[in-house]
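One structure below.
In the working numbering, the protein residues as written are 24 to 292.
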């Protein structure tokens, strides 16, 4: 008797494989609103108290530094300047130099109420300076007049596009001990970035071609009924117009005008 083989009629299960995902270009979610630069001009008075001086091989000043204070005697930064002595007929009459004004803000106290400020840098102003000796005080200190032009900025001063310069008067004691007492008046100009209102940005950035993507628009008729107006024909490029032979063509045309005036329609380019 021949051997019988049982064959399964059950269909084979398909082998599962990863299904490729559909990819779409999505609009970016980030959006930055433009800012309108508003120009300004300001005058600022500062005071510098000297803390350090260095001399070159000839015994003339080559470097000065000090603390910057506001009109309320609060220390708000640090000043330092590299100096090149100016000589005339062998006499020391002044200096040229590059000054650096570093500004910072401080706040905070420790647990016992003592001052323990947390300092954060605001920015720096670099100037090209010319100083000339005007005379001597009865105490033997030099009277110095200086002018400077802003040549570089960092931090908030760079963001504000600060330009301008300063004029200052100083009393400088070189011997037997160093002292520096300087009054500085800055006149600066810049531009303050003011963000534009959202409404004006939206109106300026709206795309007139966005309405062309839809081929059918719904419009409410004056009697409350909902009608559909066919958009531009993709084959002919012509827009459908109401049939003037029908009795309701007048009301239908007015409904189309309502849609156009409401801004819900956009003609194809």
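Where a beta carbon is used, it is the ideal one built from N, C-alpha and C, also for glycine.
May I ask which residues mark the beginning and end of the beta strand (DSSP E) holding residue i?
{"i": "residue 209", "result": "202-218"}
{"i": "residue 185", "result": "Run containing residue 185: none; DSSP gives neither H nor E here."}
{"i": "residue 78", "result": "58-78"}
{"i": "residue 109", "result": "98-111"}
{"i": "residue 168", "result": "165-176"}
{"i": "residue 88", "result": "84-92"}
Is it true that the CB of residue j sits closer than 9 Å to the CB of residue i?
{"i": "residue 170", "j": "residue 64", "result": "no"}
{"i": "residue 107", "j": "residue 98", "result": "no"}
{"i": "residue 68", "j": "residue 154", "result": "no"}
{"i": "residue 66", "j": "residue 208", "result": "yes"}
Taking the alpha helix (DSSP H) that residue i belongs to, which residues open and close that run?
{"i": "residue 180", "result": "179-182"}
What's the gap between the Cα of residue i and the Cα of residue j?
{"i": "residue 115", "j": "residue 83", "result": "8 Å"}
{"i": "residue 214", "j": "residue 183", "result": "5 Å"}
{"i": "residue 127", "j": "residue 199", "result": "32 Å"}
{"i": "residue 125", "j": "residue 219", "result": "32 Å"}
{"i": "residue 192", "j": "residue 204", "result": "8 Å"}
{"i": "residue 89", "j": "residue 122", "result": "11 Å"}
{"i": "residue 172", "j": "residue 101", "result": "18 Å"}
{"i": "residue 186", "j": "residue 79", "result": "32 Å"}
{"i": "residue 93", "j": "residue 70", "result": "6 Å"}
{"i": "residue 190", "j": "residue 168", "result": "8 Å"}
{"i": "residue 59", "j": "residue 129", "result": "31 Å"}
{"i": "residue 150", "j": "residue 85", "result": "16 Å"}
{"i": "residue 91", "j": "residue 105", "result": "17 Å"}
{"i": "residue 144", "j": "residue 197", "result": "31 Å"}
{"i": "residue 216", "j": "residue 112", "result": "51 Å"}
{"i": "residue 152", "j": "residue 110", "result": "16 Å"}
{"i": "residue 87", "j": "residue 166", "result": "16 Å"}
{"i": "residue 195", "j": "residue 148", "result": "23 Å"}
{"i": "residue 174", "j": "residue 61", "result": "22 Å"}
{"i": "residue 146", "j": "residue 120", "result": "20 Å"}
{"i": "residue 202", "j": "residue 76", "result": "9 Å"}
{"i": "residue 188", "j": "residue 162", "result": "30 Å"}
{"i": "residue 232", "j": "residue 142", "result": "Confidence at residue 232 is low in this model, with a pLDDT of 47, below 50, so its placement is unreliable and no value can be given for it."}
{"i": "residue 95", "j": "residue 81", "result": "38 Å"}
{"i": "residue 103", "j": "residue 164", "result": "20 Å"}
Quick one: is residue i near chain D, going by C-beta distance under 9 Å?
{"i": "residue 119", "result": "Absent from the structure is chain D; it holds one protein chain and no more."}
Since residue i sits in a beta bridge, which residues does DSSP pair it with?
{"i": "residue 150", "result": "122 and 173"}
{"i": "residue 162", "result": "Its beta-bridge partners do not exist; DSSP assigns none."}
{"i": "residue 305", "result": "With the chain covering only 24 through 292, there is no way to say anything about residue 305."}
{"i": "residue 115", "result": "110"}
{"i": "residue 128", "result": "143"}
Inset, instruction - Kindly confirm or deny that the stretch 152-159 and the stretch 175-182 touch, where touching means at least three C-beta pairs closer than 8 Å. - result: At 8 Å Cβ cutoff, the stretches do not touch.
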